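With full-length UniProt numbering, the residue at position 233 of the sequence shown is 233, and numbering never jumps.
Ideal placement from N, C-alpha and C gives every residue a C-beta, glycine not left out.
Note that this is a predicted model, so its numbers are computed, not measured.
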Amino acid sequence: MASSDKPEVVDRGVDEEKDEGKGGFMDKVKDFIHDIGEKIEETIGFGKPTADVTGIHLPSINLEKAEIVVDILIKNPNPVPIPLIDINYLIESDGRKLISGLIPDAGTIHAHGEESVKIPVTLIYDDIKSTYNDIKPGSIVPYRVKVDLIVDVPVIGRLTLPLEKTGEIPIPYKPDIDVEKIHFQRFSFEETVAALHLKLENKNDFDLGLNKLDYEIWLAEVSIGGAELQKSEKLQKNGISYIDIPITFRPKDFGSALWDMIRGRGTGYSMKGNIHVDTPFGAMKLPINKEGGTTRLKKDDDNDDDEVSYNLSYSMS
């Protein structure tokens, strides 16, 4: 029996004076058991395992959910393998439970060895927002991870190793995007080279490092394609940024739709795709979706150079 397995002393109404007269018999028994347990541990070399949270990773974040992986390192100082019976975990924010769970039969820790254990957890944002109304999209939420590792060590018995780690996790909000202006650098019926002047509003409480655009633009239900971002851009938190994107298309593919836009008659406009950004919490792929019912091109009279610029405006109708 181990030193930690001290027997429970139950009061059975024995006369205390008689017990004392026997020289504290029960105390001697407890001391004997304690000494034997320590000698067994010293002789065989059994001891308590140790554990530590070595890291928390967010391999995937999008508008619907965040995937979290908790890395734990467990060390076994004993000459025999020990089973990891259960893993209980809890993620909370300001004392409120976000998610909890149990991983049974989590494996075995080798003798005189160490094992890395990964705890995968998925946070569904809709579940969080439906439970806690004050958690808004675009915000940063503090969290605390609590983990109880339950192991069974020979001689010592079943032990619980409690662990904790704190951090922050974002609730992403997709940026709002508009095409404010089309600047025509070379205009011909066969091929037109232009620059799209984009307005992006970052509604998150953290900066976004824009490094890629994956999108397509339609005018009058005709695709004018997409374009590549020439350089990365920083979208300030809760701010508005402007970027220029070069694009090449053929006006003759639109038929009369482009001329209707220039003459002010209007036509349909839409932009769909994704933006790829870096954040303090890892990379994210966020969707962009903008549709306008009536789109018109208006010549920019403030442009002093020989090139032609048009402001693009639309209204939902």
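C-alpha distance - residue i paired with residue j, whole-angstrom precision
i    : j    : result
P120 : D52  : 16 Å
F206 : P175 : 12 Å
L229 : G138 : 24 Å
S232 : N204 : 18 Å
G101 : A66  : 16 Å
Y314 : I177 : With a pLDDT of 39 at Y314, under the threshold of 50, the predicted position of this residue should be treated as unreliable, and no value is reported.
T122 : I56  : 13 Å
Q236 : L200 : 10 Å
P251 : D244 : 20 Å
D278 : K48  : 42 Å
I182 : I247 : 10 Å
K285 : I87  : 32 Å
T50  : L161 : 7 Å
L73  : T54  : 7 Å
W218 : T192 : 15 Å
L210 : V70  : 28 Å
Y132 : L98  : 9 Å
F184 : P280 : 37 Å
S270 : E291 : 4 Å
I169 : A194 : 40 Å
R158 : K129 : 38 Å
V155 : L208 : 54 Å
G226 : Y89  : 45 Å
Beta carbon of residue i nearer than 7 Å to that of residue j
i           : j    : result
I171        : Y125 : yes
E180        : H197 : yes
N76         : I82  : yes
A111        : V80  : yes
F249        : I224 : yes
D214        : N274 : yes
N202        : G167 : no
residue 376 : K165 : The structure shown does not extend to residue 376, since the chain spans only 1 to 317, so no value can be given for it.
Three-state class that DSSP yields for residue i in the structure shown
i    : result
I275 : strand
Y269 : strand
I182 : strand
D205 : coil
D127 : helix
K252 : helix
H112 : coil
P170 : strand
K118 : strand
E228 : coil
P287 : strand
L63  : coil
D86  : strand
S223 : strand
V70  : strand
E164 : strand
N238 : coil
D94  : coil
E191 : coil
I103 : strand
I156 : coil
N133 : coil
Integer-rounded CB distance, given that residue j should sit under 8 Å from residue i
i    : j    : result
V153 : L163 : At roughly 17 Å, the Cβ-Cβ gap does not stay under 8 Å, so V153 and L163 are not in contact.
G282 : L63  : Not really, about 14 Å apart at Cβ, beyond 8 Å.
H276 : K212 : 4 Å
E115 : G107 : 7 Å
Cβ-heavy atom distance, residue i to the ligand ATP, below 6 Å
i    : result
Q185 : This structure lacks the ligand ATP, and indeed carries no ligand of any kind.
The stretch 141-153 in contact with the stretch 88-103 per 3-pair CB rule at 8 Å
yes
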